[in-house]
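Q: Position 583 of the sequence shown, counting from 1, maps to 583 under full-length UniProt numbering, and the rest follow consecutively.
Where is the CB? At the ideal position from N, CA and C, for every residue including glycine.
Quick one: the structure is below, questions incoming.
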Amino acid sequence: MSKPKSSHAQDHQASLVGTSRKLRKSTISGHYKLIVFLLISFHFLTMTTSQINIGVLLDDNTRIGKEMRTAVKIACQNFNNSSTHDKILTQLQNPSESPLQAVYAAEELVKEKNVQSIIGMSSWEETALVATVAKQAKVPIISFAESAIEKPVIQQQWPFLVHMGPDLKQQIKCITDIVNYFQWAKVIVIYEIDLHGSDSGAVNLLSESLQIVGVEIEHRLVLPPFSSLSNPGRFLHEEVANLSNKQSRVFIVLKASLAWGIHLFREAKELRLVEKDSAWIISDPLAGLLDSLNASVISSMEGVLGVTTYFSENMRSFQEFKLQFQRIFRSDYPDEDNCEPSIYALRAYDSITAIGKAIKKSNSSKSTSTMLLKTLLSSNFKGLSGLISFQNGELIQPSDLKIVNVIGKKYKELGVWSSKLGFLRIVDKENRENLEQKYLNKWFDSINWPGELKRIPRGWSTPTEAKPMKIGVPGRTSFEKFVKVTWNSSTNSSSYSGFCIDIFYEVLKILEQKYPFPHEFIPFNGSYDELVDHVANKTFDAVVGDVTILANRSGAVEFTQPFAASGLTMVVTVKSQHENKAWIFLQPFTGDMWAVTGAILLYTVLIVWLLERRMNPEFEGHWWSQLNTALWFTCSSLFFAHREKVCNSYTRMVVLVWLCVVLALTSSYTASLSSLLTVPRLVPSVTDIKYLKDKDAKIGCDGDSFVRKYIENVLGFKPHNIRNISSEYDYPKEFDSGNITAAFLELPYEKAFLNYYCEGYTTVGNTFSSVGDRFGGLGFVFQKGSPLADDVSKAILTLSENGRLKQLEREYFSPPEKCSRSPETIDSLSWRSFWGLYLFSAGTSAICYLLFSIQQLYKWWNLE
C-alpha cells in the first residue's frame with residue numbers, strides 16, 4: 001500500500017534539514033581545527049626561534065674597525081640565513097678609542113641590551129676594562145687586542161675573556177730571529193703606548209728576547225696615542241729627526257696604529273732614514289694592513305719587512321667571504337681605496353662563527369652566559385684565519401707568521417715563519433716545507449732593501465762628508481813610532497804619523513772599495529782608559545792608536561782584530577861577563593876538557609916510557625927518573641921541539657900522533673883565548689823578578705797604560721818602587737842615573753826600544769813565560785756593536801795575509817846597522833869536539849905498545 005504524496009514531501013524535507021545540520025556541524029569543526037592548528041604552529045614557531053643579542057665594540061673611524069664591522073655583518077647574515085631557529089642580532093657601539101667610553105658602552109650593552117656576549121676591543125687597555133665589567137656581569141667577551149701578559153694571569157684575572165688577537169710573543173720571536181740572522185748588534189724600537197702610558201709589556205718582552213741573542217736596544221721612540229696630540233706631525237718630526245743622531249739604522253716598529261705608521265714613514269723618508277744601510281721591520285697591526293694603504297704611502301715604505309699573521313687564501317670559504325666583503329665594504333665605505341680583508345676581518349668573522357656554533361650546541365634558549373662561555377671555549381673548527389680551538393682562554397695553536405717585503409707600490413710574500421720549524425717557504429701557496437740553509441740564504445737574498453740595496457744592510461749609521469767619523473788619537477804617546485801628533489802652526493792643524501796611523505790608512509784603502517769612509521782625527525791627551533771611555537760614551541766614534549785589548553775594556557767597546565801582539569817584557573842593562581880576568585886563561589877549555597887532555601897526556605907519557613926505557617940511554621937510571629924524563633919529553637912537545645932522541649920506531653909513531661893532537665889543541669886554545677880577551681861577553685845585570693823584589697829595587701813603566709796596575713796587582717811590586725816614565729827617551733836617563741834597575745814594557749814597545757838602544761840593554765827570559773801572560777794585542781776601538789769593527793778586522797786580516805802588515809813592521813822596527821849585527825858568543829871548548837882525535841891518539845899508543853910487546857916476547861922466546 002502506497003503512502004500519500006504529502007507524506008513523501010514531509011520525509012524529504014526532514015531529510016534536508018538533517019543534512020543541513022550535519023553540514024553545519026562539520027564546517028564548524030573544520031574551522032576550529034584550522035584555528036587550533038594555526039595557534040599551535042605559531043606557538044611552536046615562537047618557541048623554537050630565538051634571538052641572540054651580541055654586543056660589538058668597534059671604533060668605526062679606524063680601518064680595523066671598518067673591516068671588523070663588515071666581517072661581523074657578513075658572519076651574522078650567513079648564520080641567520082643558515083639557521084631556522086636561532087638568529088643573531090648585533091648591538092653596535094662605537095667607543096671612539098676611549099677606554100672609559102668602552103666601559104660605559106659595555107655596561108649599557110649588558111644592562112639595557114641584555115647581550116649574551118661582547119666582541120671587539122682592538123686595544124689591550126679597552127680589553128682589560130671591558131673584561132672587568134664582563135667578569136662582574138658573567139658575560140663572555142672576545143678581544144682582538146695584542147698582549148704580552150702571561151696566559152695564566154689573564155685567565156685568573158679575567159675568566160670571561162676569550163683572546164683571539166695576534167700573538168705578540170710569536171711576532172717578537174720572529175723579529176728576533178730575523179735580527180739574529182742578519183747579525184745586527186743594535187736596534188731602535190718604535191712603539192705606541194695607550195692613554196695610561198702602557199705598552200702591555202711588549203717592549204720588555206722584545207728586550208729580553210733580543211738580549212738572548214746578544215742584541216741591544218740603542219733607543220726607544222715612544223709614540224703617545226695619536227688622538228691625544230693636537231699636532232702629531234710636529235711631534236713626530238722632532239722625534240724622527242733625533243733618530244738621525246743615533247748609530248743604529250735597524251728600526252723595529254713593534255706597535256703602531258695605522259695613523260702613526262703613515263706619518264712615521266713619511267717623516268722617515270723625508271729625513272733619509274729609509275735609505276741604504278737601513279732596515280725597517282714592522283709588525284701587526286701595521287703589517288697586517290698594508291693592503292689598505294694607498295700608493296703614495298706604501299711607496300715611502302720601500303724595502304720594509306713586515307711580520308703578520310699568516311692565513312691561507314686558497315680556501316673556497318675565503319674566496320666566497322672575500323667577494324662578500326669587497327661588495328659590502330665598497331658600498332659602506334666608498335672613500336676607502338682598497339677593499340681587501342685583513343687578518344682582523346677574518347678573526348672577527350671567525351668569532352661570530354664560533355659564537356654561532358656555540359649557540360647551536362648549547363641550545364641557547366635555555367643556556368646561560370656561563371654555559372655559552374664553556375661551549376665557546378670547546379670550539380674546534382677551521383676558520384678563515386686558521387684553526388679555532390682554545391686553551392686557557394686563548395687560541396691553542398699559535399698561527400704561523402707571514403713575512404712580506406714592500407717593493408715599490410706593493411709588497412711580495414717572502415715566506416712563512418713557524419715557532420717550531422723556523423723559516424719556511426710556501427710551496428703552491430699551501431704546502432710548506434722546512435728550508436735548508438742554502439734555500440734560506442736565497443730566500444733572504446731576494447729581499448728588496450731600502451734604497452734598492454742588493455746586499456744585507458749594515459744596520460749602522462755610515463759616515464758622510466757632512467757627518468764624518470770622529471776618531472780619537474792618543475796625543476801623548478811613550479813611543480812616537482806608533483803614533484805621533486805634530487802641530488803645524490802655519491796651517492793651524494795637526495798632522496798624524498806612525499805605525500798605527502799607516503795601518504789605518506791601509507785599512508781605508510780596502511774599505512773604500514766598498515763604501516766611502518769620511519773621518520777626522522781628534523788628538524786626546526788623557527790616559528788610554530779615558531780615551532776608551534770616550535768611545536763608550538759616544539764622544540768619539542772610534543780610536544786609532546796603540547790601544548791594548550783588555551777584558552775590562554772589551555765590555556764597553558768593540559775591538560778590532562789585533563794588528564800587533566802584546567805581552568809584558570822586562571828590559572835591563574847589560575854587563576860584561578868577564579869583569580874578573582885573573583883566571584880567564586882557563587876558560588877556553590871546559591873542566592872536562594882539561595881533565596881529558598891531562599889524562600891523554602899521562603897515558604902518552606906512560607906509553608913513551610914503556611917503549612923507551614930499555615933502549616934509550618936518556619931513560620936510564622931510577623924508574624922515577626925515567627918517568628920524569630918521559631913526562632918532560634911528552635910535555636915539551638906542546639911548546640917546542642925536544643932535545644931527547646927517540647930510539648924506538650913505535651915511540652916515533654906515538655909521538656907523531658901526539659904532536660897532531662897538540663897542534664889541534666894549541667891552535668883551538670889560542671883562538672878561543674884571543675876571542676875571550678878581545679870580544680866582550682855581555683850578560684843581563686838582573687836575571688829574574690825575584691831578585692828585584694828581594695833587593696827592593698826600583699823599576700820603571702809607562703804610567704799612562706795599564707802596565708803599572710798589572711805590575712802592582714799581579715807581579716806584586718810595591719807601589720813606592722814603581723816609577724812612571726812618560727817617554728822612551730827618559731828610560732836611558734833613568735837607567736844611567738840609577739833611578740831604576742829594570743823597566744817593564746809591552747812587547748811592541750820593547751821591540752822599538754831595543755832596536756834603538758841595542759848596545760846597552762837586553763830583555764830577560766822568554767817574553768810570555770818568564771814575566772807574565774800574553775795580552776790581547778794592539779787593536780783599534782769602535783763603539784759597542786759597531787759593524788765597522790768587523791769590516792776593519794777583516795781588512796787587518798787581509799793586510800796580514802798579503803804581507804803588507806809585515807812590510808810595515810819592517811819599515812818601522814827594523815834595527816839600525818849597528819844593532820843588526822848578531823852578538824858574538826864565545827863558548828868554552830868541550831872535549832866532545834876532540835874526542836875523535838883523543839881516541840886516535842890513545843889507540844895509536846896502545847897499538848904501538850902492543851906491537852912492541854909482541855916483538856919483545858918474540859926475541860925473548862928465540863933467546864930461550
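Label K806 either buried or exposed according to how many other C-beta atoms from any shown protein chain fall within 10 Å of its C-beta, with 16 as the threshold for buried.
A: Counting Cβ neighbours within 10 Å, K806 comes out exposed, since fewer than 16 surround it.
Q: Go through its chain and collect everything with a Cβ distance to F79's Cβ below 7 Å, but skip five positions before and after it.
A: Excluding sequence neighbours, F79 sits near I88, I352 and G356.
Q: Taking the CB atoms as reference points, tell me whether A102 and A134 lie closer together than 9 Å.
A: Cβ distance not < 9 Å, so A102 and A134 don't count as in contact.
Q: Let me know if P588 comes out buried or exposed under the rule of 16 or more other beta-carbons within 10 Å of its beta-carbon.
A: Classification of P588: buried, given that the 10 Å Cβ count is 16 or more.
Q: For G526, which of T548, G472 and P516 has the nearest alpha-carbon?
A: Among T548, G472 and P516, the Cα nearest to that of G526 belongs to G472.
Q: From K169 to S248, what does the alpha carbon distance come to, in whole angstroms?
A: Roughly 24 Å between the two C-alpha positions.
Q: For the alpha helix (DSSP H) containing residue 868, list its first residue and its last residue.
A: Missing from the structure shown is residue 868; the chain here goes from 1 to 864 and no further.
Q: Considering V707, what are the terminal residues of the alpha helix (DSSP H) in which it resides?
A: V707 -> alpha helix (DSSP H) spans V707 to N713.
Q: Runs of 4 residues minimum, wholly inside the segment 282-366: which ones carry the alpha helix (DSSP H) assignment?
A: Within the segment 282-366, the complete alpha helix (DSSP H) runs of at least 4 residues are 295-299, 316-332 and 343-362.
Q: Taking the beta carbon of residue 866 as the centre, do at least 16 other beta carbons fall within 10 Å, making it buried, or is it exposed?
A: Because the chain spans 1 through 864 in this model, residue 866 falls outside it and cannot be assessed.
Q: So is I847 buried or exposed if we call it buried at 16+ other beta carbons inside 10 Å?
A: When all chains shown are included, I847 counts as exposed.
Q: Quick check on Q212: buried or exposed, where buried means 16 or more other Cβ atoms within 10 Å of its Cβ?
A: What sits at residue 212 in the sequence shown is Ile, not Gln. Exposed, since its Cβ has fewer than 16 Cβ neighbours within 10 Å.
Q: Between I388 and D337, how many whole angstroms is the CB-CB distance? I'm expecting something under 8 Å.
A: Actually they are not in contact, since the Cβ atoms of I388 and D337 sit about 31 Å apart, beyond 8 Å.
Q: Compute the Euclidean distance between the alpha carbons of G383 and K322, then round it to the nearest angstrom.
A: Answer to the nearest angstrom: the Cα atoms are 14 Å apart.
Q: Within 10 angstroms of its Cβ, does L487 collect 16 or more other Cβ (buried), or is it exposed?
A: According to the sequence as given, residue 487 is Trp; it is not Leu. So W487 counts as exposed.
Q: Check whether the segment 775-784 touches the segment 553-569, counting contact only when three or more Cβ pairs, one atom from each stretch, lie closer than 8 Å.
A: Output reads yes: the segment 553-569 touches the segment 775-784.
Q: According to DSSP, is P474 part of a helix, a strand, or is it coil?
A: Strand at P474.
Q: Report the three-state DSSP secondary structure of L435 (helix, strand or coil).
A: Bear in mind that a pLDDT of 45 at L435, under 50, signals an unreliable position, so the number given afterwards is only what the model happens to contain. In this structure, L435 counts as coil in the three-state DSSP scheme.
Q: Give the single residue among A145, P463, E216 and Q77 whose Cα lies nearest to the Cα of A556.
A: Among A145, P463, E216 and Q77, the Cα nearest to that of A556 belongs to E216.
Q: Who are W417's beta bridge partners in DSSP?
A: Paired residue(s): L401 and F423.
Q: Relative to the C-alpha of V654, which candidate in S685, L857, L850 and S800 has its C-alpha closest?
A: Of the candidates S685, L857, L850 and S800, the one whose C-alpha sits nearest the C-alpha of V654 is L850.
Q: Please confirm if the segment 400-413 is in contact with the segment 289-297, defined as three or more CB-CB distances below 8 Å between the two stretches.
A: The segment 400-413, when compared against the segment 289-297, does touch it at the 8 Å Cβ threshold.
Q: Taking three-plus beta-carbon pairs below 8 Å as touching, is the segment 89-99 in contact with the segment 58-73?
A: Contact between the segment 89-99 and the segment 58-73 is present, because at least three Cβ pairs lie under 8 Å.
Q: Kindly identify the DSSP beta-bridge partner or partners of Q211.
A: None; Q211 has no bridge partner.
Q: Check Q561 in the structure and name its three-state DSSP category.
A: Q561 falls in the coil class under three-state DSSP.
Q: Contact check, P159 vs E126 under 8 Å by CB: the rounded distance?
A: Not quite, the Cβ-Cβ distance comes to about 18 Å (not below 8 Å), so this is no contact.
Q: Please name the residue, chosen from T70, V683, I740 and F735, that lies closest to A348 on a Cα-to-Cα basis.
A: Residue T70 is the option with its Cα nearest to A348.
Q: Under the three-state reduction of DSSP, which class applies to N755: helix, strand or coil?
A: Here N755 sits in helix by DSSP.
Q: Indicate the three-state DSSP secondary structure (helix, strand or coil) for W658 in the structure shown.
A: W658: helix per DSSP, three-state reduction.
Q: I'd like to confirm the pairing. Which residues does DSSP put opposite M570 in its beta bridges?
A: Note: M570 sits in a beta bridge opposite F744.
Q: Note down the Cα distance separating L45 from T84, rounded to an integer number of angstroms.
A: Low confidence applies here, because L45 scores a pLDDT of 48, under 50, leaving its location unreliable; read the following figure in that light. If I take the Cα positions, the gap works out to 10 Å.
Q: Could you tell me which of S123, K374, S495 and L808 sits nearest to S147, measuring between CA atoms?
A: Considering only alpha carbons, the answer is S123.
Q: Could you confirm whether any beta carbon from chain D is found closer than 9 Å to the beta carbon of V473?
A: Absent here is chain D; the protein component of the structure consists of one chain.
Q: Short of 7 Å in beta carbon distance, which residues of its chain neighbour L373, apart from the five on each side in sequence? Order them along the chain.
A: Same-chain partners within the cutoff: P140 and F160.
Q: In the DSSP assignment, find the unbroken alpha helix (DSSP H) run with A256 in it and report its ends.
A: Neither: A256 is in no alpha helix (DSSP H) and is coded neither H nor E.
Q: With distances taken between CB atoms, is the gap from E530 to M469 smaller than 9 Å?
A: Contact flag unset, no.
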